[in-house]
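Structure first, commentary second.
Protein chains: 2
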Amino acid sequence: MRTLEKSFTISYYSNYINMNFMPRILSNQLKEKIGEEVELWGRAYSLRALSDELVFLNLQDRGGIIQVVFEGDDAKGLNIKVGSIVKIFGTVKEEKRAALGVEIQGKKVETLETPEDEMPFDISKKALKVDLSTLLDNRPLTIRHETVRSIFNVYDTVLGAYAEKMRELECKEIKTPKILGAASEGGANFFTLDYFDKKAFMAQSPQFYKQMCVGAFERVFEIGPAFRAERSFTTRHVNEYISLDAEFGFIESFEDIMDIHEEVLKHIFKKIEEKNQADLKLHNAELPSVPDKFPRIKLADMKKIIKERYGYDVPKETDIDPQGEVYACQYAKEEFGSDFIFLTHYPRPERPFYTMPAKDNPEETESFDLIFKGLEITTGSQRIHKYNDLVESMKDFGLDPKDFGFYLETFKYAMPAHGGWGMGSERIVYKLLNLGSIKEAILFPRDVKRPYP
Amino acid sequence: MRTLEKSFTISYYSNYINMNFMPRILSNQLKEKIGEEVELWGRAYSLRALSDELVFLNLQDRGGIIQVVFEGDDAKGLNIKVGSIVKIFGTVKEEKRAALGVEIQGKKVETLETPEDEMPFDISKKALKVDLSTLLDNRPLTIRHETVRSIFNVYDTVLGAYAEKMRELECKEIKTPKILGAASEGGANFFTLDYFDKKAFMAQSPQFYKQMCVGAFERVFEIGPAFRAERSFTTRHVNEYISLDAEFGFIESFEDIMDIHEEVLKHIFKKIEEKNQADLKLHNAELPSVPDKFPRIKLADMKKIIKERYGYDVPKETDIDPQGEVYACQYAKEEFGSDFIFLTHYPRPERPFYTMPAKDNPEETESFDLIFKGLEITTGSQRIHKYNDLVESMKDFGLDPKDFGFYLETFKYAMPAHGGWGMGSERIVYKLLNLGSIKEAILFPRDVKRPYP
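If you read the protein sequences in the order shown, they are chains A and B. The first sequence begins at -17 in the numbering used here and counts up one residue at a time. The second sequence begins at -17 in the numbering used here and counts up one residue at a time.
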């Protein structure tokens, strides 16, 4: 058998497969290199020339931003355009006032790529002062701003930590279809699709599928898009978002689901604490108070407390309104020092047909919402797992069991007691970083007026 | 501040948050428990009564399948229905002939849930002998079959290992929209959608978005659905699949992309080797030969070799056809002992407009496909990163740059040299396990005739 090197048709192998395509070094690796000559690659983020003999350049790479100082002859004749892709050669110097504790004494700049035009707005300032439309219309540019970029550093941590914890809990990761032949789960607010010669629908949630999977895998999780055709114009809704789903078999109660959910959130915020201190700082955001156990309060009791304590009547036509959620969190913070609170036992008509009725009161359900800093981020419950109960519940809700053929097949052939949750991934970041809208927490958000960029 | 326990509205906390909701134990944890009394929960997978004093039950839980033997009085009057959800009480016995090295001497069975009906087909046999339609039409049941379930154990490993390696390579995980305002990337084979008062399209790939993100994050990856409205009726195509995407900035050549891609695949197969030996065995599948370096051959050279060596003419109207891919892999195996081969330098008209033309021959591109066991699983390339070159390339392809506003904005303001890949996640599992169709590697696959279950 021939070795690869001897084959005339095999191309050469580049010999620098490593993390940084050496000799490059990243801005966040400089601390150990004080006094050394280094080469940095990145974007010329901002530029300040105090004279023709003193120029400050901020270089942005995937590690962060580092200041490069050019002095004397090294500064003369420098020709750097902000936004350019450059290689910087220089020496690492200790600089206690700098965020990274170091700066670069610049020697040489090599420009690799230059912008074709002036930027439509200045992204080199500390705060990117543009309105939401401008921010989103110009996403290819605005995500380059350090503060905007940092949002997605945090988001990356949320996604990774969620999957990591779910695997630790022995859940299988599943991927379920987003195109559905029927708009099964109630019917409203589905996007419709031309699917060859038929109509199809975009999935609002993996609910039915993850339950089916519990019958085989027992514990599953999914990270995937969910699509809702709601004409919302709020700061908390979008029409496409990433749902963090989970479903667990062999539970004894929906309390188990809340127990596990707490563990997952604690893990996510532990990882954010480890990885995203600099990102939090850019947003003046503090880590929330994540107690070992989150308060759990019946929704009906919570409403009474809100009325008594804050003099606010939650409107009758809703389970709880945004203002009520804010008060619930205020109460959790004041009484238990927690930025999280579970509201439990939602009324049966407010929850989907598959929600388990409460043991002690069939008008309520074994369900919960998790409220974080005044916003619902998770909805969960125990599900009805007995075939006949499920059929009855469908009828109670005015649904025809015939429309739920393959879903019901799951239960016809025995299912363990189970429950789970769906969590809005972007809402965590939106509230954590005190952003003005959930749309800021999404790279390319979708709303009623915005199917692009 | 009050402690949680003292609050009258706080419900009790279940005190058994742990991996298995003790006192339960899993089938794959029994080896250390020989001689001990245990409690197992799961599904009565199959049943064999040799007499009323000797009954064999296979119990399935998320750890696998364990045999439970009931003898004498313990067997008498046993009433277990196959498919039921049960608790089993018994003693762990060493049994060298058993796959897990142990079996259970059964004492008692507690039935939690019973099927409402006889199964439409027998899923307790070692091989599930049903045709593809039956297999997919009855997905809630067929995924419970141990061999079918094992496919998704492997798939779970693929997803987890991919994300793990990408993070190790310092890529940020991104989530980009699946609803698009314009069918930008050429136009054909998009599903169309009613998006409020407009038409919209389902994303075929995150290509444009991941490139835009390179401008900010430098290295990114995405795991997400891709939708293709092709009227295909093959064993290798579906209309919705999970694409494993990556994009890297600051590369020197598309060889870097292949270098990194090799590392990713080596990691995936290393993890499968660690975690999925039992699953592979159920499919009589062997781990592929994953050499340190995969052969890389120019497509044009490969075609010559196929002609000379196997007497097969790749049809002129295609870059390479499925039969050609099979021969390419046969060659890689015979010559280099590899189950993988990169075919490189695809002709320019066969690749999208954003593909970097080859340095030495502008009729070819700096592109590759990775072929695994006779099937293309990955497509990748270096991309054009200079604004003017990209505009020219659009024109060469008969496209109007005006239709690519926000994509072009990315390049107008400078981009580093970059490249990446898109890999079909399900294809890896399909070929690895020698399945009859890619649809078997998807929980709920979508094809022209199948928008459900």
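Where is the CB? At the ideal position from N, CA and C, for every residue including glycine.
Contact set between residue i and chain A, taken where Cβ atoms lie within less than 8 angstroms
| i | result |
| --- | --- |
| R218/B | Within 8 angstroms Cβ-Cβ: nothing; R218/B doesn't reach chain A, min ~18 angstroms. |
| Y309/B | What Y309/B touches in chain A: nothing, since even the nearest Cβ is about 14 angstroms away. |
| G206/B | G206, P207 |
Where residue i falls: helix, strand or coil (DSSP)
| i | result |
| --- | --- |
| I105/B | coil |
| S363/A | strand |
| D429/B | strand |
| F3/B | Low confidence applies to F3/B: its pLDDT is 48, below 50, so where it sits in the model is not reliable enough to give any reading. |
| Q87/A | strand |
| M284/A | helix |
| L82/B | coil |
| Y(-5)/B | With a pLDDT of only 33 at Y(-5)/B, under the threshold of 50, the placement of this residue in the model should not be trusted; the figure read from the coordinates follows. Residue state, collapsed to three classes: coil. |
| M184/B | strand |
| V64/A | coil |
| P334/B | coil |
| T96/B | coil |
| I156/B | coil |
| P273/A | coil |
| A340/B | coil |
| P297/A | coil |
| I279/B | strand |
| S419/A | coil |
| I424/B | coil |
Residues that DSSP places opposite residue i in a beta bridge
| i | result |
| --- | --- |
| T392/A | Its beta-bridge partners do not exist; DSSP assigns none. |
| L39/A | L29/A, V50/A |
| E358/B | I353/B |
| P435/A | The partner list for P435/A (beta bridge, DSSP) is empty, contrary to what the question assumes. |
| L162/B | F183/B |
| V20/B | G72/B |
| E345/B | None, per the DSSP bridge assignment. |
| P329/A | E346/A |
Boundaries of the alpha helix (DSSP H) in which residue i is found, first to last residue
| i | result |
| --- | --- |
| E229/A | Unbroken run through E229/A is the beta strand (DSSP E), 222 to 231; no alpha helix (DSSP H). |
| P207/B | Counting along the chain, P207/B falls outside any alpha helix (DSSP H), though it belongs to the beta strand (DSSP E) covering 201 to 209. |
| I239/A | 236 to 257 |
| T124/A | 121 to 124 |
| F322/A | Taken as a continuous stretch (DSSP letters only), F322/A belongs to no alpha helix (DSSP H), being part of the beta strand (DSSP E) at 322 to 326. |
| K147/A | 128 to 150 |
Extent of the continuous beta strand (DSSP E) run through residue i
| i | result |
| --- | --- |
| I353/B | 349 to 354 |
| V445/A | Chain A is shown only over -17 to 435; residue 445/A falls outside these bounds and no answer can be derived. |
| Y441/A | Outside the shown range of chain A (-17 to 435) lies residue 441/A, about which nothing can therefore be said. |
| G319/B | G319/B -> no beta strand (DSSP E), and no H or E assigned at all. |
| M405/A | 400 to 406 |
Partners in chain B for residue i, counting only beta-carbon separations shorter than 8 angstroms
| i | result |
| --- | --- |
| S66/A | A396 |
| W23/A | F232, P398 |
| R291/A | In chain order: nothing, as chain B lies at least about 12 angstroms away. |
| Y191/A | L425, F426 |
Contact list for residue i against chain B, beta-carbon separation under 7 angstroms
| i | result |
| --- | --- |
| E222/A | P159, K160, I161 |
| L141/A | E155 |
| A182/A | P433 |
Proximal residues of chain A, C-beta to C-beta of residue i below 7 angstroms
| i | result |
| --- | --- |
| V430/B | F178 |
| L117/B | Result: empty, since nearest Cβ-Cβ is about 13 angstroms, beyond 7 angstroms. |
Neighbouring residues, chain B, relative to residue i (Cβ below 9 angstroms)
| i | result |
| --- | --- |
| I125/A | M194, C195, G197, A198, F199 |
| A450/A | Summary: the structure shown does not reach residue 450/A, with chain A confined to residues -17 through 435, and so no result is reported for it. |
Listed by chain order, chain A residues near residue i by CB distance under 9 angstroms
| i | result |
| --- | --- |
| E98/B | Y369, N370, F393, K394, Y395, A396 |
| F103/B | Here the premise fails: no neighbours, minimum Cβ distance about 11 angstroms. |
| T174/B | L175, D176 |
Interface residues of chain E facing residue i [CB-CB closer than 8 angstroms]
| i | result |
| --- | --- |
| N10/B | Here the protein chains are A and B, and chain E is not one of them. |
Cβ-heavy atom distance, residue i to the ligand MG, below 7 angstroms
| i | result |
| --- | --- |
| T347/B | Absence of the ligand MG from the depicted structure is noted, as is the absence of any ligand whatsoever, leaving it without description. |
Original post:
Hey, is the region 370 to 390 of chain B in contact with the region 329 to 337 of chain B, meaning 3+ C-beta pairs nearer than 8 angstroms?
Top reply: yes
Original post:
Does the count of Cβ pairs from the region 151 to 166 of chain B and the region 204 to 211 of chain B closer than 8 angstroms reach three?
Top reply: Cβ pair count under 8 angstroms is three or more, so yes.
**OP:** Report yes or no: do the region 104 to 120 of chain A and the region 72 to 87 of chain A share at least 3 C-beta pairs separated by less than 8 angstroms?
**Re:** no
Original post:
At a cut of 8 angstroms, does the region 365 to 372 of chain B reach the region 174 to 185 of chain B through at least three beta carbon pairs?
Top reply: no
Original post:
With contact counted as at least three CB pairs below 8 angstroms, one residue from each stretch, are the region 28 to 43 of chain B and the region 51 to 59 of chain B in contact?
Top reply: yes
Original post:
Three or more beta-carbon pairs under 8 angstroms between the region 410 to 422 of chain A and the region 131 to 149 of chain A, yes or no?
Top reply: yes
Original post:
Quick check: the region 183 to 196 of chain B against the region 387 to 398 of chain B, are there 3 or more CB pairs under 8 angstroms?
Top reply: Taking a contact to require three or more Cβ pairs closer than 8 angstroms, the region 183 to 196 of chain B and the region 387 to 398 of chain B qualify as touching.
Original post:
Is the region 68 to 75 of chain B touching the region 83 to 98 of chain B, taking contact as three or more C-beta pairs under 8 angstroms?
Top reply: The answer is yes - the region 83 to 98 of chain B touches the region 68 to 75 of chain B, with three or more Cβ pairs under 8 angstroms.
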